[in-house]
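Residue numbers (our numbering): 442 to 806.
Glycine included, every Cβ here is placed at the ideal spot set by N, Cα and C.
Some notes on the structure that comes next.
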Amino acid sequence: MLAPLILSKHTPTKGEHLMSNGIDRKKFLQLGGLGLGLGAVGAGLSGNRLTNVSSVSLASPHAATLPNNLHQEVDWQQIDRDHEAKVQTFIENIGQDPDFWRQPLEFTMDGDTKVFEITCSEVMWETEPGKVFAAFAYNGLVPGPEIRVTEGDSLRFIVHNEMNQSTSIHWHGVDVPNSQDGVPFVTQPVIEPGATFTYEFVAPNPGSHMYHAHHNSLEQVVGGLLGAFIIEPKDKRNEPVVDGEFTMILNDSFLGFTINGKSFPYTQPLTAKVGERIRIRYMNEGLMIHPMHLHGMPQRVIAKDGYYLPAPYFVDTLNIAPGERYDVIVEAREAGIWAFHCHILTHVETRQGLFGMVTPLIIEE
Ligand SMILES: [Cu+2]
Numbered sequence: 442m443l444a445p446l447i448l449s450k451h452t453p454t455k456g457e458h459l460m461s462n463g464i465d466r467k468k469f470l471q472l473g474g475l476g477l478g479l480g481a482v483g484a485g486l487s488g489n490r491l492t493n494v495s496s497v498s499l500a501s502p503h504a505a506t507l508p509n510n511l512h513q514e515v516d517w518q519q520i521d522r523d524h525e526a527k528v529q530t531f532i533e534n535i536g537q538d539p540d541f542w543r544q545p546l547e548f549t550m551d552g553d554t555k556v557f558e559i560t561c562s563e564v565m566w567e568t569e570p571g572k573v574f575a576a577f578a579y580n581g582l583v584p585g586p587e588i589r590v591t592e593g594d595s596l597r598f599i600v601h602n603e604m605n606q607s608t609s610i611h612w613h614g615v616d617v618p619n620s621q622d623g624v625p626f627v628t629q630p631v632i633e634p635g636a637t638f639t640y641e642f643v644a645p646n647p648g649s650h651m652y653h654a655h656h657n658s659l660e661q662v663v664g665g666l667l668g669a670f671i672i673e674p675k676d677k678r679n680e681p682v683v684d685g686e687f688t689m690i691l692n693d694s695f696l697g698f699t700i701n702g703k704s705f706p707y708t709q710p711l712t713a714k715v716g717e718r719i720r721i722r723y724m725n726e727g728l729m730i731h732p733m734h735l736h737g738m739p740q741r742v743i744a745k746d747g748y749y750l751p752a753p754y755f756v757d758t759l760n761i762a763p764g765e766r767y768d769v770i771v772e773a774r775e776a777g778i779w780a781f782h783c784h785i786l787t788h789v790e791t792r793q794g795l796f797g798m799v800t801p802l803i804i805e806e
């Protein structure tokens, strides 16, 4: 018998995101029937050791390495303990990261124009216990805050550069006028350190888009200057009706394998009740393809790069390449804790346990 979970409000409309922090550890354990002891793990896994990333190989710097011989003698009990410890840390951290599901960036009004302030800065970003990286951030977050507007809105973005290198912002997938496209030395000057630059356009094609740096991009985008830019259609009659909505931004390389800037066990679960429908917006800002696999129920792919598909299709694993966005609908069929992960296993697991692009979908009765 599953204990009911306390879920936070599901109000996906009007740009509001639901939070996953309504589920506490006890309920998680009851639902999963895991019966794990808590509290013994934290000390060993926490601590902010700095990781030197001054020169990482781009081949796969944070990927798990494969053993030479599968039959080599191992301490199997240690392997089990390490795996269990990672799960325990995940459970302890549920609800501890209110920013994991990003809130829409607030704005002020200047007449009919929505005015957003975006500050680019250098931060130390923790992706998982003990892993802190030099990163770039929009408004202190990696990824930056979600920008959520409605088709036809007049928009102004005032960008402050507090980094030690120049930058620019490109509105990826957004059909802006050429002058606002954010490509330095082509459509605009760079935004030098200490400088401010203003973008202005009317929100065009609706859909799941992104915003990211477009200068020294290999370092700046993958290093943290990325975020979701969601334009809701003016006419919502054809929008799928859902009970919850989650944006999952995938990134890799400099900061390891992350979902919304965090690696398991610092990711947060998606949540739903049996019978509910949730919408997931995938966005890949990394350098690698990530096939995202959900256990237990299919994902119905409804949109690619913000454009609704003429014929939606079902998958259990969805390949998401760099720069791509996919919108999927999942019907929460059966209660339980359903694993949800990239299926390139060097992105998700080592002998020391799960890491990287892993989180569950928790479905309650
Ligand atoms: Cu992957």
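According to DSSP, residue pairing for residue 625 in a beta bridge involves 629.
Beta-carbon to beta-carbon, residue 799 and residue 708 are separated by about 7 Å, close enough to satisfy the 8 Å threshold. The stretch 740-753 and the stretch 565-576 do not touch, with fewer than three beta-carbon pairs separated by less than 8 Å.
DSSP places residue 796 in the coil class of the three-state scheme, outside both helix and strand.
By the Cβ neighbour-count rule, residue 765 is buried, with 16 or more other Cβ atoms within 10 Å of its own. Excluding its 5 nearest sequence neighbours in each direction, residue 664 has C-beta neighbours in its own chain below 6 Å: 576, 577, 695, listed in chain order. Counted as a single uninterrupted DSSP element, the beta strand (DSSP E) harbouring residue 744 occupies residues 740-745. With respect to the 9 Å criterion, residue 785 and residue 736 are not classified as neighbours on the basis of their beta carbons. The beta carbon of residue 524 sits closer than 6 Å to those of 794, all from its chain and outside the five residues before and after it, given in chain order. If the five residues before and after residue 619 are omitted, its C-beta is found closer than 8 Å to the C-beta atoms of 628, all from its own chain and listed in chain order. Straight-line measurement puts the Cα of residue 723 at about 16 Å from the Cα of residue 681. For residue 669, the pairing in a beta bridge is given by DSSP as 651. The beta strand (DSSP E) runs of length 3 or more contained entirely in the stretch 586-626 are, from start to end of the chain, 588-591, 595-602, 610-613.
Distance check between residue 657 and each of 804, 545, 625, 549 places 625 closest, using alpha-carbon atoms only. Residue 668 places its beta carbon less than 9 Å from that of residue 582. Residue 634 and residue 559 have their C-alpha atoms spaced approximately 14 Å apart. Comparing alpha carbon positions, the residue from 660, 791, 622 closest to residue 652 is 622.
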